[in-house]
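Take a look at the structure set out below.
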Amino acid sequence: MGDTGELKQLPLKNLHESAGARFGGFAGWSMPITYPAGVMKEHLHTREHAGLFDISHMRLFDVAGPDAEGVLARACPLDPGQLSTGQSKLTLLLNEAAGILDDLIVTRLGADRFKVVANAGNADSDEAHLRALAKGHDCTIAPLDRVFLALQGPESEAVLKACGIDLSHLYFMQGFEPRDGWFTSRSGYTGEDGFELALPAADAGQLAEKLLADERVMWIGLAARDSLRLEAGLCLHGQDIGPDTTPVDAALLWAIPKELRDGGPYVGSQALVAARAAGAARKRVGLMPEGRQPVRAGTPLVDANGAAAGQITSGGFGPSAGAPVAMGYVATDLIKSEAELFAEVRGNRIPVRIHSLPFTPHRYRKG
Amino acid sequence: MATVYYTDDHEWISVDNGVATVGITDYAQEQLGDLVFVELPEAGKSLSKGDAAVVVESVKAASDVYAPVDGEVTAINEKLNDDPALVNSAATGDGWLWKMKLADESQLEGLMDEAGYQALIG
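Quick note, the sequences are listed as chains A and B, same order. This note's numbering applies: residue 443 is where the first sequence begins, and numbers increase by one. This note's numbering applies: residue 1248 is where the second sequence begins, and numbers increase by one.
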């Protein structure tokens, strides 16, 4: 998996090592890719029981101050005024061209206090971007030093309860601070019910060991995290979405409140309105290849005549789907005409058909 | 009695009477993780040493398996079409990939024996 010498190390690295993790580089971090159970078992275990993920590469920010709401309203197509305390929302950080700089989860914790979760690879640039927008305003942007764990799967609530952490009052996309220095939300990246917990390293090591003592829990690596999120139809920034895609072609308008789709105080507003008016030339869709051969990110898509039709942005084998699954961008006119599509893999043309997302139904606990 | 050779690319070649059976080692399958698809060559195909002969696909990635020597493909392991995980569970047995008729047996001399391979993977 390459040289991990230059990579940042997880605070709980020792725990992963003793669990037999195989490490690899991701977004500048040395991350557990798989454990001895293997990606297939890890994936299925998460859907059936509870999978424990170390996602400390993600960065948590405190955004606070009398102007915090205004700064977030400028940074994202989001109306923070509509978020009640304890409510989380998926939002986007856009550039002036409405390109997606990152996808974020914002949670309101008080009148002038928010928690923001950013992707590992974008955390530094997000911070600089937010600081620039906060300049001259009474709002601080503070990255937090936390271990970040996710417990995902249908038995997550029961497992945490058995460890003395009762989160049964939370519904999907709600968050709060259960203890000093802790932050928890009922959310995740697998399509399953589950929780994300940010906490100081010492607490995290203890909690992880307690959770792992429960036979319903096992460590899950980044490989299964990827296959789980792909089956759940969730985007990976830098792969499925990025500065060159807008919420219109990425089919993420649902993440933007209706009243802000026609413009608002946020960066990229004008470009978004223009992109909506022009219509997307290509759109992100779910794709299911025929047969058993996976199609990978970067694979070109063609129509029946061999003309360029789009590209796969994420693809692999879906252990729960029992078949290869993918997502990618396809020319809008070909989507509308339901044209036959093919993935070109090593000189072969594999038929692929557009499939609604997600591939496996979400099982969130909604209020 | 077959003689087994190994390559730096973690393949094994079991040679019996001028016909070689080729697969990947247990170490290799463990590194790759759960296989979900194996793309096999067609029987009759001529391979030169170093050609990408087979593609093994895990949940996460695709990897090439190279022809360890020159020769012609005489058989492929059709069981892998339905059960690619056989390569994980029996890499050096039922999970073999293809058989080939050797074009030049002297090429085997450059390969490792079991002890040499064990030393390579530590």
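Note that CB positions come from ideal geometry on N, CA and C, so glycine has one too.
Proximity winner among the options, relative to residue i (alpha-carbon distances)
| i | options | result |
| --- | --- | --- |
| A1300 of chain B | B:V1306, B:A1290, B:A1308 | B:A1290 |
| I683 of chain A | A:N564, A:G809, A:F759 | A:N564 |
| F637 of chain A | A:Q594, A:K700, A:D554 | A:Q594 |
| P596 of chain A | A:L586, A:T632, A:E619 | A:T632 |
| T549 of chain A | A:L525, A:T755, A:L534 | A:L525 |
| P689 of chain A | A:M482, A:N456, A:P585, A:L534 | A:L534 |
Per-residue burial, residue i [other beta carbons within 10 Å of its own, 16 or more giving buried]
| i | result |
| --- | --- |
| G764 of chain A | exposed |
| R667 of chain A | buried |
| D1308 of chain B | Note that residue 1308 of chain B corresponds to Ala in the displayed sequence, not to Asp. By the 10 Å Cβ count, A1308 of chain B comes out exposed. |
| K1346 of chain B | buried |
| M500 of chain A | buried |
| W661 of chain A | buried |
| W1259 of chain B | buried |
| P731 of chain A | buried |
| P508 of chain A | exposed |
| T1250 of chain B | exposed |
| M1248 of chain B | exposed |
| P478 of chain A | exposed |
Residue i - DSSP class collapsed to helix/strand/coil
| i | result |
| --- | --- |
| V1316 of chain B | coil |
| K1346 of chain B | strand |
| Y631 of chain A | coil |
| A765 of chain A | strand |
| Q1276 of chain B | helix |
| L670 of chain A | helix |
| N1335 of chain B | helix |
| I698 of chain A | coil |
| R489 of chain A | helix |
| M443 of chain A | Because the pLDDT at M443 of chain A is just 42, under 50, the model does not fix this residue reliably, and the point stays unresolved. |
Sheet register partners of residue i (DSSP bridge)
| i | result |
| --- | --- |
| T533 of chain A | A:L546 |
| F590 of chain A | A:A640 |
| W1259 of chain B | B:Y1253, B:G1270 |
| R703 of chain A | According to DSSP, R703 of chain A bridges with nothing at all. |
| Y771 of chain A | A:R726, A:Q753 |
| G466 of chain A | A:M473 |
| D1311 of chain B | B:V1302 |
| G758 of chain A | A:V767 |
| T626 of chain A | A:F618, A:L639 |
Through-space distance from residue j to residue i, alpha-carbon basis
| i | j | result |
| --- | --- | --- |
| E1361 of chain B | A1275 of chain B | 15 Å |
| S530 of chain A | L678 of chain A | 19 Å |
| L639 of chain A | A739 of chain A | 30 Å |
| G760 of chain A | E651 of chain A | 29 Å |
| R588 of chain A | P642 of chain A | 5 Å |
| G444 of chain A | G705 of chain A | Residue placement at G444 of chain A is poorly supported in this model, since its pLDDT is 45, which falls under 50; the coordinates still yield a value, given next. About 46 Å. |
| W471 of chain A | I497 of chain A | 10 Å |
| V1262 of chain B | P1288 of chain B | 19 Å |
| T673 of chain A | I1368 of chain B | Position check: residue 673 of chain A holds Glu in this sequence, whereas Thr was assumed. Those two C-alpha atoms are separated by around 35 Å. |
| S798 of chain A | G675 of chain A | 9 Å |
| L1349 of chain B | E782 of chain A | 43 Å |
| L486 of chain A | E786 of chain A | 29 Å |
Contact with chain C by residue i, beta-carbon distance below 7 Å
| i | result |
| --- | --- |
| D1351 of chain B | Going by chain labels, chain C is absent from the structure shown, which instead holds the protein chains A and B. |
Closer than 6 Å: residue i CB and nearest the ligand HEM heavy atom
| i | result |
| --- | --- |
| V1285 of chain B | The ligand HEM is absent from the structure shown, which contains no ligands of any kind. |
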